[in-house]
Each structure stands twice: as C-alpha cells, then as structure tokens.
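Enquirer: Protein chains in written order, with the numbering used here: chain A, 1 to 218; chain B, 1 to 218. One structure coming up, written as structure tokens, with questions to follow.
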C-alpha cells in the first residue's frame, strides 16, 4: 500500500486503529462509558502499551486511571481514519463476488457508499440493483465520466484477473485515488494512488502452509 | 496469524511465495519456459534480491544465468505452500458473502474444496447448492460430527459478528486447525490453531485513511 500524506505513522499502527474502532463500535451500546488501554488491548490480543503507543501518534485521548471515553474515542478514530464522512465508491465487476460486495452492509456502515456499479457485460447493463437503492448497472465505458460526475475517489475491483490492470488504469486515469482489488493479480498503479489487494485463495493458502507442520487432530 | 511449525520463515516471505506462485501459474501457459528473479520481481514490484532471498529459505531452485524453470518452480512452490494436495474446507454462514464464497472458483483451483456448508437458519438447511456439486446445507449443530467425518482442517467463517466466536470455538473443539474469518470481529483461538481475518470494510477504511492527505483529483 502506498502512502500519500501520513508518512510518519507505521501501516500496522493504522491497521490497529481500524481494529480499535471496530471493537469500540461494537461495545459502545453497552453500559460501560470508558475503556482502559488494557481492556482494549485484551479484546484484540495486544498489550496495553501497544494500544497507548498507537493512539499517542494522534494525540492525547485517555486519562490516567480512567481510560478512554468510548464515545469520544469512536469520534476521534473516525475522524483520524476518515470515516466521519461519506465516501463515494464505484464497484466494478458484477460476478458472484461483485454481487456479494454490492449486498454487503458493512461498507455503508463505515460511510462507504457504492454510488455506481459497472460491468463489461451488456446483458447486465441497465439492470437495477435492489440491494443498492436500485442504482442501475452501467457499462464500463461510462466509467471515466461517472467517476468525475459523482466524485468517486475509491473503487472496488471485482473483475477477472485478465481485465484488472486495464480497469485499474481506467480508474486512476479518471481520478480514482484508492483501489480495493479482489482480482488475483498484482496491479501497477501511479505512485499517488493507493491500492490494496484481497486475494481470497491466497489467504487460505497461507493458512494451509501453517498447517503443514502439524498432523490432523482426528 | 499464529505459527505452528515453520518458525524460521518470516510471514511476509511466505505471503510473497503465494504471490510468486500466483504469477507463475498465470504465465505458465505462455511461451517462456524460464523466468529470472528480476522478471519475477518486476511483475510484483519487488527486487530480484528479495525474490532470491525468499526462495532461498526453501532450497536452491534457480540456475545462474538461466533463472528458474517455471514448471518446476510452480511444483516446488505448491509443495512448499501445501497446495499440491486437496484440502477439505467447511464454509459456515450462507448470507450474501457466504453465497459468494461458495461460488468462488478460486478456492478449488488452489486445491481447497468446500465439502460441507453450514448455517444456523433452518430454512436454509437441506437446500442443495448447485455451485458446490449440489452438496446440501447442514445445520450448524452437525458441525462437529461432519468435521471429523470429512476430515475438515480448514473453515471459512462468513457468519454475523455476534456468532463468530461461538462458531470458531465449535470449529476448533471439533479439530479444525485453520480459520479464515470474514466476520468483523477479532477471534480468540487456541495457540495451535491458525486464524486469519478479512474485514472488507476495514480494508476500505485503510484506503480512505491514505487518501485523507491528498485533495480529490476532480
């Protein structure tokens, strides 16, 4: 992942901020109003020192002996991570995975709103997607125009491997600055574009490798 | 991710092996029979020294001045990563994401065969899944029995956050040794179990954070 303006913060620390926020969002409706760095660390398998260090990159949020105000920290983390606003997102590719991503509620909860959906298959173009407030599938050739018109800065790529680079280039040429790539291929993007890949089979492969050293349990 | 028997190999190196293999599998049908560490590195944005170092953990595969035999290296990497065999996998949770994962062809290509599917919703139980050779959805209460009967060592969790820990514990109690978790929650698993989480919203959030420092391009 390329870094565009937050050079001093290690990437793993930023990733942990997302995990802190996720945990706090889960417990905020509970009775506790505060949480200690130890409690927050324990929920995520981290030390209290790690939690304090990560948060200290961004300011002084906690109070000694009391901990962090949960509501306050949720707000601070959202502001830091940029999910205190709505981001317009394009979804490209409407195969099985694309359909699942279109229906995934977790994006909107974080402020990521899929405002345009594209596919290269003419038979899908024009179809309204009930899971996305009936927005209509557009042909990929309309990508550049729509990216600008809807001010889309993030794109989710769920296209076949052989199309991924071409579509990524179309995205970045149009002004997209961040790409979440589900195609099983490495993408070359300009240095001012951020790209993150999720290869589901590779994830399983990594688990399998770790299992090779141990016999089955049955 | 916990490590169970391959302590000396850094996790990032193992992850890069997966990327090397993925690239080699894509180009193996081409005309080239060999590939240099420089070419392999360039395709993935790595230096040739990194490629050589990663592969050297596992043996001496290349020849100076010639490079690596592509077919040979594919075989070696599959053996190293454990994808030279078929792994039986359970898929748990048949919401939108679970359905997409059931239909995802990339798992089987890597030797990961979904041999059992579970859900807690009685209305889904007994339904045959055409995308998985018509295997029938089982109730989650049959998990332990089926894990043993079908020798399932890997599980994919696509259940709601509030169910994830309970299901993970059922899996590990039954003998599952690796869990790929799509629920947006951190799981506690025994030390001899490997767990890897994919939180799709967190991935986008991380991209958004990197974009905060740069203005929109339109």
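From the three backbone atoms N, C-alpha and C, an ideal C-beta is built for every residue, glycine too. From a predicted model like this one, the values you see are computed outputs, not experimental measurements.
Measuring alpha carbon to alpha carbon, tell me which of A/178, A/212, A/179 ends up nearest residue 192 of chain B.
Expert: It is A/212.
Enquirer: Please state the DSSP three-state secondary structure of residue 188 of chain B.
Expert: The answer is coil: DSSP assigns residue 188 of chain B none of H, G, I, E or B.
Enquirer: When the Cα atoms are used, what is the spatial distance from residue 159 of chain A to residue 20 of chain B?
Expert: So the two alpha carbons sit approximately 21 Å from each other.
Enquirer: Can you check whether the C-beta of residue 4 of chain B is within less than 8 Å of a C-beta belonging to chain A?
Expert: Only weak support exists for where residue 4 of chain B lies, its pLDDT of 36 falling under 50; the coordinates are left without a value.
Enquirer: For a contact meaning CB atoms closer than 7 Å, what does residue 165 of chain B contact in chain A?
Expert: Those do not exist, as residue 165 of chain B stays about 11 Å from chain A at its closest Cβ, beyond 7 Å.
Enquirer: Along the stretch 207 to 218 of chain A, where does the CB come closer than 8 Å to a CB of chain B? Name the residues.
Expert: From the stretch 207 to 218 of chain A, only 207, 208, 209, 210, 211, 212, 213, 214, 216, 217, 218 have a Cβ closer than 8 Å to chain B.
Enquirer: Distance, Cα to Cα, residue 57 of chain A vs residue 50 of chain A?
Expert: Approximately 11 Å, taken between the alpha carbons.
Enquirer: In angstroms with no decimal places, state the Cα-to-Cα distance between residue 92 of chain A and residue 103 of chain B.
Expert: Taking the straight line joining both Cα atoms gives about 18 Å.
Enquirer: I need the straight-line Cα distance from residue 112 of chain B to residue 61 of chain A, nearest angstrom please.
Expert: Approximately 45 Å between the Cα atoms of the pair.
Enquirer: At 4 residues or longer, and completely inside the stretch 58 to 144 of chain A: list those alpha helix (DSSP H) runs for me, N to C.
Expert: 70 to 81, 96 to 103, 106 to 109, all fully within the stretch 58 to 144 of chain A.
Enquirer: For residue 194 of chain A, which three-state DSSP category applies?
Expert: Residue 194 of chain A falls in the strand class under three-state DSSP.
Enquirer: Once the 5 residues before and after residue 80 of chain A are set aside, which same chain residues still bring their CB inside 8 Å of it?
Expert: The residues are 17, 58.
Enquirer: For residue 69 of chain A and residue 34 of chain A, what's the separation of their Cα atoms in angstroms?
Expert: Distance between the alpha carbons of residue 69 of chain A and residue 34 of chain A is about 4 Å.
Enquirer: Can you find at least 3 beta carbon pairs, one from the stretch 194 to 214 of chain A and one from the stretch 178 to 195 of chain B, that sit closer than 8 Å?
Expert: Counting Cβ pairs under 8 Å, three or more are found: they touch.
Enquirer: Decide yes or no for the touch test of the stretch 112 to 130 of chain A against the stretch 139 to 156 of chain A: beta carbon pairs closer than 8 Å, at least 3 of them.
Expert: A contact exists between the stretch 112 to 130 of chain A and the stretch 139 to 156 of chain A.
Enquirer: Name the chain A residues whose beta carbon is nearer than 7 Å to that of residue 96 of chain B?
Expert: Here the neighbours are 100, 103, 104.
Enquirer: Who does residue 179 of chain B pair with in a DSSP beta bridge?
Expert: Note: residue 179 of chain B sits in a beta bridge opposite B/155, B/195.
Enquirer: So that I know if they touch, is there some Cβ in chain B lying closer than 8 Å to that of residue 1 of chain A?
Expert: Only weak support exists for where residue 1 of chain A lies, its pLDDT of 40 falling under 50; the value from the coordinates is given anyway. Cβ-Cβ to chain B under 8 Å: yes for residue 1 of chain A.
Enquirer: How would you list, in chain order, the residues of chain A whose beta-carbon sits under 8 Å from the beta-carbon of residue 169 of chain B?
Expert: Under the 8 Å cutoff, chain A gives no residues; its nearest Cβ is about 14 Å from residue 169 of chain B.
Enquirer: Can you give the Cα-Cα distance for residue 197 of chain B and residue 144 of chain B, rounded to whole angstroms?
Expert: Each residue's Cα considered, the two are about 22 Å apart.
Enquirer: Is it true that the stretch 83 to 99 of chain B meets the stretch 152 to 169 of chain B, where meeting means three or more beta-carbon pairs spaced less than 8 Å apart?
Expert: With the cut-off at 8 Å, the stretch 83 to 99 of chain B and the stretch 152 to 169 of chain B touch.
Enquirer: Compute the Euclidean distance between the alpha carbons of residue 30 of chain B and residue 71 of chain B, then round it to the nearest angstrom.
Expert: Taking the straight line from one Cα to the other gives about 11 Å.
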